[in-house]
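Remarks on the structure that follows.
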Amino acid sequence: MLAMDDKKGSEAEMWMKKAIKLQAGFRSALFNLALLYSQSSKELMALPVLEELLRYYPDHIKGLILKGDILMNHKRDIVGAKECFEKIVEMEPNNVQGKHNLCVVYFEEGDLFKAEKCLLETLDLAPHEEYIHRHLNIVRVKISSSGAGERLYLPPAGTPRAEGGKKTPFENLQEIKSEPKSTETVENDNNKSQPKSNTQSEENTDKENKKTTKEISDIEKKRVAALKRLEEIERILNGE
Numbered sequence: 119m120l121a122m123d124d125k126k127g128s129e130a131e132m133w134m135k136k137a138i139k140l141q142a143g144f145r146s147a148l149f150n151l152a153l154l155y156s157q158s159s160k161e162l163m164a165l166p167v168l169e170e171l172l173r174y175y176p177d178h179i180k181g182l183i184l185k186g187d188i189l190m191n192h193k194r195d196i197v198g199a200k201e202c203f204e205k206i207v208e209m210e211p212n213n214v215q216g217k218h219n220l221c222v223v224y225f226e227e228g229d230l231f232k233a234e235k236c237l238l239e240t241l242d243l244a245p246h247e248e249y250i251h252r253h254l255n256i257v258r259v260k261i262s263s264s265g266a267g268e269r270l271y272l273p274p275a276g277t278p279r280a281e282g283g284k285k286t287p288f289e290n291l292q293e294i295k296s297e298p299k300s301t302e303t304v305e306n307d308n309n310k311s312q313p314k315s316n317t318q319s320e321e322n323t324d325k326e327n328k329k330t331t332k333e334i335s336d337i338e339k340k341r342v343a344a345l346k347r348l349e350e351i352e353r354i355l356n357g358e
């Protein structure tokens with residue numbers, strides 16, 4: 119996790135693989151390794167890691183979102199992506215990200231009326247999300263016209279992109295209100311994600327500075343706790 123923070127991809131990959139070798143089904147290591155590959159433009163290498171993760175944890179929401187993203191973007195496997203997003207919505211009907219991604223699948227399938235209905239339902243869940251309004255308008259324009267319509271693009275919040283920032287149809291890898299930081303969805307050793315709220319756009323500068331200071335303090339506390347836990351694990355592995 120620290121190597122990922124320092125953008126040392128090769129080192130992070132080495133430690134994660136070592137952790138997985140020592141403990142099969144290590145949830146956070148599996149997910150973070152897949153995330154690392156996706157952030158390094160090695161999306162196809164992430165797929166088998168995600169398959170292993172989902173064998174142990176079939177209800178891993180972020181794993182399903184990442185898998186659906188890769189299947190849609192890089193394999194053009196609409197059926198596989200649809201299965202991922204449908205499973206998310208089945209488990210969490212109010213999951214805005216999974217619901218919206220499913221709407222985009224309907225659009226890709228050419229079922230415009232179903233996409234419109236889906237986006238309206240998503241809008242009920244997140245009425246202030248501008249990208250949902252925009253995508254709904256795109257669908258309605260395409261329905262009312264016989265010409266070729268635009269493609270829907272998922273919101274860029276928290277998007278792991280290749281260098282150059284090229285936009286892809288499925289960009290919203292992380293939770294809707296997360297900040298675009300490379301380790302946003304890195305999971306700690308307690309199998310909990312560490313999302314950061316993105317509500318500061320309506321706050322003044324002083325509040326932003328206080329919030330940033332608090333977040334840094336929280337991160338440092340979590341890192342200290344994680345390092346202590348890793349030391350405990352190492353002692354256990356060494357038979358101490």
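So the mapping is simple: my numbering equals the position in the sequence shown, first residue as 1, plus 118. Think of the CB as a built atom: it goes at the ideal place given N, C-alpha and C, for glycine as much as any other residue.
Reducing DSSP to helix, strand and coil, say where residue i ends up.
| i | result |
| --- | --- |
| E247 | coil |
| E201 | helix |
| A142 | coil |
| H253 | helix |
| M119 | coil |
| E226 | helix |
| A130 | helix |
| H178 | coil |
| I160 | According to the sequence provided, residue 160 is Lys. The question's Ile does not apply to it. Residue state, collapsed to three classes: coil. |
| H192 | coil |
| E169 | helix |
| N219 | helix |
| K339 | helix |
| E239 | helix |
| E210 | coil |
| D187 | helix |
| S315 | Note that S315 scores a pLDDT of 31, beneath 50, so its modelled location is shaky; the value from the coordinates is reported in the next line. Reduced to three states, the DSSP call for S315 is strand. |
Whose CA, out of the options, lies closest to the CA of residue i?
| i | options | result |
| --- | --- | --- |
| P176 | K205, Y249 and A164 | K205 |
| L254 | S263, K235 and L243 | K235 |
| V223 | T240, L241, L165 and V197 | V197 |
| A147 | D124, L172 and S159 | L172 |
| E131 | S158, Q141, G143 and A142 | S158 |
| N191 | E170, K160, K217 and V207 | K160 |
| S263 | A343, L241 and L230 | L230 |
| L241 | K193, K126 and N219 | N219 |
| E170 | I256, K139 and V257 | K139 |
| L151 | K135, E201 and R252 | K135 |
| Y174 | F203, C202 and A142 | A142 |
| R252 | C221, E129 and A137 | C221 |
Only counting the same chain, and skipping five residues up and downstream in sequence, which positions put a Cβ closer than 8 angstroms to that of residue i?
| i | result |
| --- | --- |
| N212 | L243 |
| M209 | D177 and I179 |
| D124 | none |
| G228 | none |
| A137 | F144 and A147 |
| H246 | none |
Below 8 angstroms on the Cβ atoms is my contact criterion, and I expect residue i with residue j to pass it. Report the Cβ-Cβ distance as a whole number of Å.
| i | j | result |
| --- | --- | --- |
| K185 | L162 | About 12 angstroms; that fails the 8 angstroms criterion. |
| M122 | L165 | M122 to L165, Cβ: 20 angstroms. No contact. |
| Q215 | I183 | 6 angstroms |
Quick one: residues in its chain with C-beta nearer than 6 angstroms to the C-beta of residue i, no 5 flanking neighbours on either side, listed in chain order?
| i | result |
| --- | --- |
| L189 | D195, G198 and A199 |
| I261 | L230 |
| E129 | A121 |
| C202 | L182, K185 and G186 |
Is the CB-CB distance between residue i and residue j below 8 angstroms?
| i | j | result |
| --- | --- | --- |
| G93 | F149 | The question about residue 93 has no answer here: the residues shown for the chain are numbered 119 through 358. |
| E248 | K217 | no |
| V207 | L237 | no |
Can you give me the Cβ contacts of residue i inside the same chain, cut-off strictly under 7 angstroms, excluding the 5 residues immediately before and after it?
| i | result |
| --- | --- |
| K133 | Note that residue 133 is Trp in the sequence shown here, rather than Lys. Closer than 7 angstroms at the Cβ level, and outside the excluded window around W133, lie A121. |
| G127 | L154 and S158 |
| A343 | none |
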